[in-house]
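Chemist:
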Amino acid sequence: MNEDEERPQWDNKAQFLLTCIGFAVGLGNVWRFPYQLQSNGGGAFLIPYLIMLVFEGIPLLYVELTVGQWLRKGSMGAWIKINPFLKGLGICSLFVSFLVGMYYNTIIAWCLYYLCNSFQDPLPWKSCPVVNGTSYITECQKSSSSEYFWYRETLHITSSIEVSGGIQTHLLATMILAWMIVALCLIKGIASSGKVVYVTATFPYLVLFCFLVRGVTLRGASTGLRYLFNPKVELLSDPQIWLTASTQIFFSLSLAFGGMIAFSSYNPKDSDVEVDTLIVCVTNSVTSLLASVVIFAVLGFKATVDYETCVEGNIQTLLDFHDLPEASITVDTYDTFLIERYGSYFGGIAERGLNNCSVEANLDDGVSGTGLAFIVFADAILEMPGSPIWAILFFLMLLTLGLDSMFGNIEGVLTPLNDIGLTKKYRNEFVVVGIVLVSFLVSLTFIQGSGNYWLDVFDKYAGSIPLLIIAFFELIAVGWIYRYDRFNNELSKFLKPRDNLFRKALYWFWWATVPIISPILLLAVFIYYIYDSIITPLKYDAWQENLGDNISLSYPGYVIAISVIITLICTIWIPLGAVVELVKRFFCGHQTGRVLNVGEVGYSVKETGHYNSGYDHNLADLPRAVTSGNDNLPYDPPANKFPYIDDDNISKKE
Amino acid sequence: MKMKIFLILSLFIAGGSSLTCDPASNEVKVTVKLADPSEFDDYDQYLFKGLVAYSLQKYCGTTTCSPSSLEETDTVNVHISNKTDRFAMCVAVDDCSIDTLTKAIKQSKPQFNGALELSDTVLLVDGILPTLKPQTIPDFPTWLIPFIVFICLTVIAAIAIIAYTVHQTKKRKKRMLSSSSGDDDDEGSDHIYENSGAATQL
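Here's what the structure looks like:
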């Protein structure tokens, strides 16, 4: 039975592309990239970003998609086939996908909670709760109504990671709903998720477009956009910017999770993987840029509104002091008034003890991550006319952005488990439900009072360094362990013929980047990341109820231990897998030589001097032993009839 | 009267600072934030005096005030002075302490706002914090309504998928029973990944 026939397939190319785009385009495109763009030199940041996209992002994605499409296996099966010493690489990807999926769904639960709260006017985070009729709750007064709603009413956050705070029932409810939705979408594997991505991958663009039109027509939008794109070209000489760009592009493309490999393993063999890579990468970056424009248009509006509120407060002070009627000073005449009465703008502020209001200062308070979405942007929506509608749209967008990224995470667990046969006894539906159930139980950690702090720990230690390590080994595996020339030979059997300039250019591009440039860049990013992690003290921001603000606390010992364990779980398998294989070889000798891969013909290199590289090869004509790709051969081929090309011969090849 | 002259003198000395009312003469500062100060004309001031008298009579009628004569306060007992362009003024009542006056006005503030067609943010009385509108706490948390809708939709989708799968299985079984040789490969087996790779490679 040819395995190729049984493996699920995408209904059409669009499903595959939308799934990959949906996986790559996630919450980071909306709440991480705009902040990075603005704080790292504005428009000038686009230069290192695009360069890193070309030399790091595109080659990495190309490797993942081709490996999956060629070997028709998820991350575990694929890397075992490339080289048995790499069996640990797939396991690492599996664990990373599993751990990240657990906390990622918490963010979806938060989005759901905010979404459910958006169906009312006025929005609940618009005003502080009132105590005693005359004053607001201290915590809310010291911070702001949006911050209060986020920290107190949604998260019910505790004052440190050690204080648990108990499981929050409202978040438990939305968490259950979130996992139910994920399970339902994946219940039939890509047959079901492939249909869902038609909506989840395209809906964010619809919302972004609506926000774009709304955003650029708001007052103060141009201020925000000018602030965002203001190029600070002098910053480009700082190597930090370049490293930030490579880090950003790496994490933006959802690489090393094994999800991309899984998705492309369901592709037909002759799918144009080079163009697919380019489409996904370009779409991802364009989406990031579009989201930045939207975010900063709205942030510029918010900064302007905050500035006007600040100035109006100052005006009240001035009117009280000078006993002038209301509206004799307006926001527009504020500056001239100060200059007239006090000689200078700052003189007036100093003499009357006014607040120093500035739009730029408001924009400088850059926020990224959950703070941007749930506090700053939610606050900005309050000022827009028709805020409930915009809130609903925004949180629905975040929901769909997160959902299709979750599909990639769970598929990164599902496909390898299925490929190694661990789950073949069970119905696929039950496997999905099982994985979701286990993830749900562990993710209960993140909906207790201290959940947000735990989420940051997981994000830092499962969602970053292990990914860099895995990606580096992926490149080394393809470029040096398997050798890029062999890899290219395999690919040329099913890639489009290199008969035009575009294809030829790509050919040389892959040659330059995959074995050489990209690993070097990735190594640089990795070293920088390690260095950055070492010099950053192990502290976190803890929200204090009495202060209405964050204070910096150190992680207690057991949390540090847990974070080390998390990083180890995600990375230890690489050396461990190699050691296990070494031990097996040592004890079992030459009979565990590598089995031929699909499409590889059983000719010894010594006989013919080169591989058969014709891509018009009809696989069905070859003897079954070499085409099944099934590592469980139906018979043991005699050693002298089909000489195995085992790893010992690599160095002897021409 | 002596107090008033004293006040005017002190204002002169203070120079261009904002209006401060003399606490010694039991004066309370009242600010009415208007764009056109002439809107709060003499008639409105008379109405204000009447409201102050009303509030004192009401307050002292229910709780005892120190000079019991305050129960009989009338508009002639209310004095408005030091009107500025803001519009701000100093209000004093004969034999009434600042504390009693403030409490009385606070009790009847809604009537003040309504009669003068102002609000808590426009009519400010020194010493009275504006009453904030309390959040209306609904009996049923509002967010639960869309949440229940979503849960129901999800459950319906789950039932639909299960029903479809069961239906497909029945159809397949029927077909396998009717055809002589059950071709396993045809509709796809229960497990999508039949005969997938060996577990031994681990």
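Respectively, the protein sequence lines represent chains C and X. Note that my numbering numbers the first sequence so that position 441 is 441, with each residue one more than the last. Here my numbering = 1-based position in the second sequence + 1000. By construction, the Cβ of each residue, glycine as well, lies at the ideal position given by its N, Cα and C atoms. Keep in mind that this is a model prediction, so the values were computed, not measured.
Going straight from the alpha carbon of V54 of chain C to that of G348 of chain C, what length do you get?
Modeler: Locating residue 54 of chain C in the first sequence gives position 54, where the first residue counts as 1. Locating residue 348 of chain C in the first sequence gives position 348, where the first residue counts as 1. Roughly 53 Å separates the two Cα atoms.
Chemist: Flag I1098 of chain X as yes if its beta-carbon sits less than 9 Å from any beta-carbon of chain C, otherwise no.
Modeler: Taking the first residue of the second sequence as position 1, residue 1098 of chain X is located at position 98. Closer than 9 Å: no.
Chemist: With DSSP as the reference, please indicate the residues paired to D549 of chain C in a beta bridge.
Modeler: What you label residue 549 of chain C is simply residue 549 of the first sequence in a count that begins at 1. For D549 of chain C, which the question treats as bridged, DSSP gives the partners C:Q544.
Chemist: What are the residues in the stretch 236–264 of chain C lying within 8 Å of chain X by C-beta distance?
Modeler: Of all residues in the stretch 236–264 of chain C, none has a C-beta nearer than 8 Å to a C-beta of chain X.
Chemist: Please report how far the alpha carbon of S658 of chain C lies from the alpha carbon of F374 of chain C, in whole angstroms.
Modeler: Given that chain C is displayed from residue 1 to residue 654, the structure contains no residue 658 of chain C and the question cannot be resolved.
Chemist: Between the beta-carbon of Y342 of chain C and the beta-carbon of N314 of chain C, is there less than 9 Å?
Modeler: Within the first sequence, numbered from 1, the residue matching residue 342 of chain C stands at position 342. Within the first sequence, numbered from 1, the residue matching residue 314 of chain C stands at position 314. No; because the gap between Cβ atoms is not below 9 Å, this pair is not in contact.
Chemist: Could you work out which residues of chain X lie near S177 of chain C, taking near to mean beta carbons separated by less than 9 Å?
Modeler: Locating residue 177 of chain C in the first sequence gives position 177, counting from the first residue. The sequence shown places Leu at residue 177 of chain C, not Ser. Residues of chain X passing the Cβ test: F1147, F1150, I1151, T1154.
Chemist: Please report the residue range of the beta strand (DSSP E) in which T1031 of chain X lies.
Modeler: The sequence position of residue 1031 of chain X within the second sequence is 31, counting from 1. Taken as a continuous stretch (DSSP letters only), the beta strand (DSSP E) holding T1031 of chain X covers 1028–1032.
Chemist: Assuming C1021 of chain X contacts C1090 of chain X under a Cβ cut-off of 8 Å, what Cβ separation, rounded to an integer in Å, is found between them?
Modeler: If you number the second sequence from 1, residue 1021 of chain X lands on position 21. If you number the second sequence from 1, residue 1090 of chain X lands on position 90. Sure, about 4 Å apart at Cβ, within 8 Å.
Chemist: By the 10 Å Cβ neighbour count, where 16 or more other Cβ atoms means buried, how is N355 of chain C classified, buried or exposed?
Modeler: Counted from its first residue, the first sequence places residue 355 of chain C at position 355. In the assembly as shown, N355 of chain C is an exposed residue. Its beta-carbon has fewer than 16 other beta-carbons within 10 Å.
Chemist: Could you tell me whether the Cβ of L396 of chain C comes closer than 9 Å to any Cβ of chain X?
Modeler: Working through the first sequence from its first residue, we reach residue 396 of chain C at position 396. No - not a single Cβ of chain X is within 9 Å of the one on L396 of chain C.
Chemist: Would you list, in chain order, the members of the stretch 1013–1045 of chain X that have their beta-carbon closer than 8 Å to a beta-carbon of chain C?
Modeler: G1016, S1017, S1018, L1019, T1031, K1033, L1034, A1035, D1036, P1037
Chemist: Could you tell me the alpha carbon to alpha carbon distance between K1033 of chain X and T1121 of chain X, rounded to whole angstroms?
Modeler: Counting from 1 along the second sequence, the entry for residue 1033 of chain X is found at position 33. Counting from 1 along the second sequence, the entry for residue 1121 of chain X is found at position 121. The alpha-carbon atoms of K1033 of chain X and T1121 of chain X are separated by roughly 8 Å.
Chemist: Based on the DSSP output, what are the partners of Y136 of chain C in its beta bridges?
Modeler: As a first step, residue 136 of chain C is located in the first sequence; it is residue number 136 there, counting from the start. Y136 of chain C pairs with C:V130.
Chemist: Roughly how many angstroms lie between the CA atoms of L1177 of chain X and K424 of chain C, to the nearest whole one?
Modeler: The sequence position of residue 1177 of chain X within the second sequence is 177, counting from 1. The sequence position of residue 424 of chain C within the first sequence is 424, counting from 1. Looking at the two C-alpha atoms, the distance is approximately 25 Å.
Chemist: Rank C:D499, C:L393, C:I51, C:S563 by C-alpha distance to the C-alpha of Y453 of chain C and give the top, closest one.
Modeler: Reading the first sequence from its first residue, position 453 is the one you call residue 453 of chain C. Ranked by Cα distance from Y453 of chain C, the first of C:D499, C:L393, C:I51, C:S563 is C:S563.
Chemist: Taking Cβ positions, are G88 of chain C and A578 of chain C nearer each other than 9 Å?
Modeler: Numbered from 1 along the first sequence, position 88 holds the residue referred to as residue 88 of chain C. Numbered from 1 along the first sequence, position 578 holds the residue referred to as residue 578 of chain C. Contact flag set, yes.
Chemist: How is L382 of chain C classed by DSSP in three states: helix, strand or coil?
Modeler: For the purposes of this step, residue 382 of chain C is identified with residue 382 of the first sequence, where counting begins at 1. Residue state, collapsed to three classes: helix.
Chemist: Return the CA-CA distance between L522 of chain C and T202 of chain C, expressed in angstroms with no decimal places.
Modeler: Position 522 of the first sequence, counting from 1, holds the residue named residue 522 of chain C. Position 202 of the first sequence, counting from 1, holds the residue named residue 202 of chain C. About 31 Å.
Chemist: Measuring straight from C-alpha to C-alpha, what distance separates A291 of chain C and N29 of chain C?
Modeler: Here the question's residue 291 of chain C lines up with position 291 in the first sequence. Here the question's residue 29 of chain C lines up with position 29 in the first sequence. So the alpha carbons of these two residues sit roughly 7 Å apart.
Chemist: Go ahead and pull the three-state DSSP assignment for K539 of chain C.
Modeler: Here residue 539 of chain C refers to the residue found at position 539 when the first sequence is read from its first residue. Three-state result, K539 of chain C: strand.
Chemist: Give a yes or no on whether the minimum CB-CB distance between T134 of chain C and chain X is below 9 Å.
Modeler: Numbered from its first residue, the first sequence carries residue 134 of chain C at position 134. So, interface residue.
Chemist: Are the stretch 277–293 of chain C and the stretch 1046–1060 of chain X touching, with three or more C-beta to C-beta distances below 8 Å?
Modeler: Contact between the stretch 277–293 of chain C and the stretch 1046–1060 of chain X is absent: fewer than 3 CB-CB pairs across the two stretches fall below 8 Å.
Chemist: Just to confirm the assignment, what range does the alpha helix (DSSP H) spanning I241 of chain C have?
Modeler: Against the first sequence, residue 241 of chain C aligns to sequence position 241. 239–252 is the span of the alpha helix (DSSP H), which, as asked, contains I241 of chain C.
Chemist: In terms of residues, what are the limits of the beta strand (DSSP E) holding H1079 of chain X?
Modeler: Mapped onto the second sequence, residue 1079 of chain X falls at position 79. Here the beta strand (DSSP E) through H1079 of chain X covers 1078–1081.
Chemist: Using three-state DSSP, classify A1035 of chain X as helix, strand or coil.
Modeler: Within the second sequence, residue 1035 of chain X is the residue found at index 35, counting from 1. Here A1035 of chain X sits in coil by DSSP.
Chemist: Indicate whether the contact test is met: 3 or more Cβ pairs, each with one atom in the stretch 295–310 of chain C and one in the stretch 319–327 of chain C, closer than 8 Å.
Modeler: no
Chemist: Based on DSSP bridge pairs, tell me the residues matched to S1068 of chain X.
Modeler: For this step, residue 1068 of chain X is matched to residue 68 along the second sequence. Answer is none; S1068 of chain X lacks a bridge partner.
Chemist: From F95 of chain C to F407 of chain C, what does the alpha carbon distance come to, in whole angstroms?
Modeler: As a working note, residue 95 of chain C is residue 95 in the first sequence. As a working note, residue 407 of chain C is residue 407 in the first sequence. About 15 Å.
Chemist: Would you tell me roughly how many angstroms separate the C-alpha atoms of Y531 of chain C and F23 of chain C, rounded to the nearest one?
Modeler: Against the first sequence, residue 531 of chain C aligns to sequence position 531. Against the first sequence, residue 23 of chain C aligns to sequence position 23. Rounded to whole angstroms, Y531 of chain C to F23 of chain C spans 29 Å at the Cα level.
Chemist: Would you mind reading off the limits of the beta strand (DSSP E) that contains A477 of chain C?
Modeler: Locating residue 477 of chain C in the first sequence gives position 477, counting from the first residue. Taken as a continuous stretch (DSSP letters only), A477 of chain C belongs to no beta strand (DSSP E), as it is neither H nor E.
Chemist: Rounded to whole angstroms, how far is the Cβ of Q1107 of chain X from the Cβ of S1055 of chain X, which I believe are closer than 8 Å?
Modeler: Residue 1107 of chain X sits at position 107 when you count from the first residue of the second sequence. Residue 1055 of chain X sits at position 55 when you count from the first residue of the second sequence. About 7 Å; that satisfies the 8 Å criterion.
Chemist: Looking at L1153 of chain X and C116 of chain C, is the spacing between their C-beta atoms short of 9 Å?
Modeler: Residue mapping note: residue 116 of chain C aligns to position 116 of the first sequence, counting from 1. Residue mapping note: residue 1153 of chain X aligns to position 153 of the second sequence, counting from 1. Contact flag unset, no.
Chemist: Which value, in whole angstroms, describes the spacing of the CA atoms of A1158 of chain X and L184 of chain C?
Modeler: The count along the second sequence starts at 1 and reaches residue 1158 of chain X at position 158. The count along the first sequence starts at 1 and reaches residue 184 of chain C at position 184. Approximately 7 Å between the Cα atoms of the pair.
Chemist: Just verifying my parser: in three-state terms, what is the DSSP assignment at V598 of chain C?
Modeler: The residue labelled residue 598 of chain C in the question sits at position 598 within the first sequence. Low confidence applies here, because V598 of chain C scores a pLDDT of 48, under 50, leaving its location unreliable and the question unanswered by this model.
Chemist: Against chain X, with Cβ distances strictly below 9 Å, would I339 of chain C count as a contact?
Modeler: Taking the first residue of the first sequence as 1, we reach residue 339 of chain C at position 339. The beta-carbon of I339 of chain C is placed no less than 9 Å from the nearest beta-carbon of chain X.
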